[in-house]
Structure formats: C-alpha cells, structure tokens
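Working notes, structure below.
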Amino acid sequence: MLVQDGLLVGVIIQKRNAVSLSLWEWKNHKIPYIIKESDFSASALSLIKDAIATFNRKVACISWTPRKNEPDFVRIRSGAGCVSSIGRDGGMQDLYLGSNCYYKGVVLHEMNHATGFYHEQSRPDRDKYVQVNWDNIQSDKRLDFKKETQYIDTLGAPYDYGSIMHYGKDTFSANGKPTLIPLFDPKGTMGQRTDLSLVDIWKINKLYKCTGIQPPIPKWMVGLSTLSIPGTTTTEQSLMSTTSAVSSTSSTAATTSNTNCLENLTGKLKKEYTGSREITNTR
C-alpha cells in the first residue's frame with residue numbers, strides 16, 4: 001500500500017476473462033457481504049461498518065447487505081494493501097483492507113470497485129481532461145494508468161476530478177513529479193479519499209438502472225463554454241449550458257425528480273434529492 005499525494009492507492013484484481021459489463025453487475029440491487037471480524041480491531045471494524053452505512057445511506061439503487069445464503073458475495077478481510085475486484089466475480093470474492101487502509105474514504109473507494117467501477121482516469125475519454133506524464137510513473141505501475149476502452153461505460157456522466165475513484169497528481173510517482181495534470185487547471189487538485197462525490201453516486205444509480213436524475217455538474221465545469229472542451233458529449237454540453245446562472249462562489253444545481261430511485265430513499269435523503277444540491281468542489 002502506498003501513500004501518494006495524500007491519497008491511499010488501492011489495487012484492482014483484474015478480470016481473467018473478457019465478459020460483458022452486465023455479467024459484472026450485482027443482482028437484485030444487493031451486494032451481499034461478510035466481514036472476517038477476527039481480522040480487525042474494534043475501531044477498524046467500526047470504521048468499515050460506518051463506510052457501509054454511508055454507502056447505503058447515499059446510494060439509492062443498490063445496497064451492501066449482510067450475506068444470508070447468496071452464492072455470490074464479498075468477503076471483507078485483512079490483507080496486504082487495499083485490494084478489490086471490479087464488480088461481481090461469481091462466488092466468494094475478497095476485498096482486502098490492510099492496516100494502512102483504515103480510512104472511511106479508502107474503504108468506500110474499494111467498495112466502489114467491487115460495485116463495478118474502475119478508476120476515473122481510466123475512462124476512454126480521459127485524454128481530454130488529464131495529461132499523463134509517463135516518464136514520471138513508476139515502471140511497474142504504468143499499467144495502472146492505461147485507458148480501459150473495452151470495458152468502461154462512462155454512463156453519460158461528466159468527467160469528475162473530484163471522484164473518490166480518481167488518482168491524485170503524484171500517485172505512483174517515480175521522481176516526486178506529477179504523474180497526472182488536470183488540463184483545465186494545471187495547479188488544481190484531483191482525487192480525494194473522503195466520500196463519494198455526487199457524480200460517483202449518480203453513476204452507481206445509473207449503472208443499476210435508477211434513471212431520471214440529470215448528472216450533477218462538477219465544480220470545474222461551472223462557467224465554461226461548451227467550446228472550451230473539444231469533443232464534449234451531448235450530456236456535457238447540456239450540463240454546461242445550464243451553468244450560466246450558477247454562481248461560482250455559491251453553486252447549486254436544480255435536481256429533477258427521480259421516481260424510480262426516490263422509492264428507495266429514506267425521508268432524509270429524499271429531501272436532499274428533491275431539493276437543490278451543492279456542486280462538488282474539486283479545487
């Protein structure tokens with residue numbers, strides 16, 4: 001496990017076979033799990049359970065639920081580093097949390113891998129948003145910076161520098177120099193291991209068929225012209241066209257009703273989704 005740019009960096013267990021995305025998804029909107037409690041101290045166990053509760057409170061369409069007799073499930077256990085598969089493997093799959101992984105945001109990061117998500121900078125369109133400095137990357141980590149053009153579906157979401165799935169500027173640096181540079185603010189920050197971003201939450205709900213909510217607008221997009229980004233998607237153009245009335249100092253975005261997802265939300269979160277939502281600050 002490495003600490004780079006203030007971010008704990010996990011490892012993905014790669015799929016051995018080329019399978020369709022639908023086969024990676026969890027069934028019945030549930031991710032069954034067990035925790036090997038003997039692996040963890042009381043404080044670490046409490047933190048893991050808090051991360052699971054946070055995920056379930058914020059995400060509408062899928063939840064982590066204690067396993068009953070489901071054949072496919074995640075076993076959370078101690079291990080070397082922070083390690084997870086992408087999506088559902090079939091049978092029991094391990095999510096490893098080493099002693100340096102005991103941070104709520106790191107647990108959420110690995111949980112989101114198991115839910116079905118790669119790193120944000122692995123998107124096939126990432127070259128529009130970040131510059132990869134290959135010469136600065138540790139030689140044995142360059143594979144972690146490659147684009148995934150075969151398996152990743154961006155789900156129509158805007159690129160999110162503030163995603164819990166994004167690497168930091170100096171992640172896996174071989175020489176202390178940046179491995180990633182954000183193209184829209186070279187001095188800006190990227191990545192965080194605090195909480196799921198609004199775009200993270202939207203993408204999880206979209207993957208698991210909660211539809212109707214427009215993607216949130218990341219902070220970095222506010223005030224930009226659609227001409228600022230060559231090759232912007234229709235979704236991004238639509239989002240950016242709504243930012244003219246949004247203040248860059250106090251930014252909120254109106255949220256449309258999502259009938260499918262709201263049925264699964266608690267009263268507290270229902271109020272949050274039907275009101276206005278603060279745009280994620282990624283600076």
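The opening residue of the sequence shown carries number 1 in the UniProt record's numbering; numbering runs sequentially from there.
For every residue, glycine included, the Cβ atom is placed at its ideal position computed from N, Cα and C.
Predicted model only: the values in this text are computed from it and were never measured.
Exposure of residue i, with buried meaning 16 or more beta-carbon neighbours within 10 Å
i: THR149; result: exposed
i: MET92; result: exposed
i: LYS203; result: buried
i: LEU95; result: buried
i: TRP85; result: In the sequence on display, residue 85 carries Ser and not Trp. Buried: at least 16 other Cβ atoms inside 10 Å.
i: PRO71; result: exposed
i: LYS206; result: buried
i: ASN28; result: exposed
i: ASN69; result: exposed
i: GLY176; result: exposed
i: LEU196; result: buried
i: GLY90; result: exposed
i: LEU143; result: exposed
i: LEU23; result: exposed
Per-residue DSSP class, three states only, for residue i
i: GLN93; result: strand
i: TRP26; result: coil
i: ILE52; result: helix
i: ARG88; result: coil
i: GLN131; result: strand
i: VAL199; result: helix
i: CYS101; result: helix
i: ILE126; result: Residue 126 is actually Arg in this sequence, not Ile. Here ARG126 sits in helix by DSSP.
i: LEU8; result: Below a pLDDT of 50, predicted positions are generally treated as unreliable, and LEU8, at 47, falls in that range; no measurement from the model is reported.
i: GLN192; result: coil
i: GLU120; result: helix
i: LYS209; result: coil
i: SER46; result: helix
i: PHE40; result: coil
i: LYS58; result: helix
i: LEU155; result: coil
i: ILE164; result: coil
i: ASP185; result: coil
i: ILE204; result: helix
Beta-carbon gap between residue i and residue j smaller than 7 Å
i: TYR102; j: ALA157; result: no
i: LEU183; j: LYS169; result: no
i: THR54; j: PRO32; result: no
i: GLN138; j: PHE172; result: yes
i: ALA60; j: VAL107; result: no
i: LEU198; j: PRO178; result: no
i: ILE201; j: LYS58; result: yes
i: THR194; j: GLY105; result: yes
i: THR154; j: ARG126; result: no
i: TYR159; j: ILE62; result: no
i: LYS49; j: ARG77; result: no
i: ALA114; j: VAL74; result: yes
i: ASN136; j: ALA174; result: yes
i: TYR151; j: GLN121; result: no
i: GLY87; j: GLY116; result: yes
Boundaries (first-last residue) of the alpha helix (DSSP H) holding residue i
i: ILE181; result: No alpha helix (DSSP H) contains ILE181, which is instead part of the beta strand (DSSP E) from 180-182.
i: VAL106; result: 104-115
Host beta strand (DSSP E) of residue i (start-end)
i: THR65; result: 63-66
i: ILE76; result: 73-77
Those residues which DSSP pairs with residue i across a bridge
i: PRO32; result: THR65
i: ILE137; result: SER173
i: CYS82; result: LEU97
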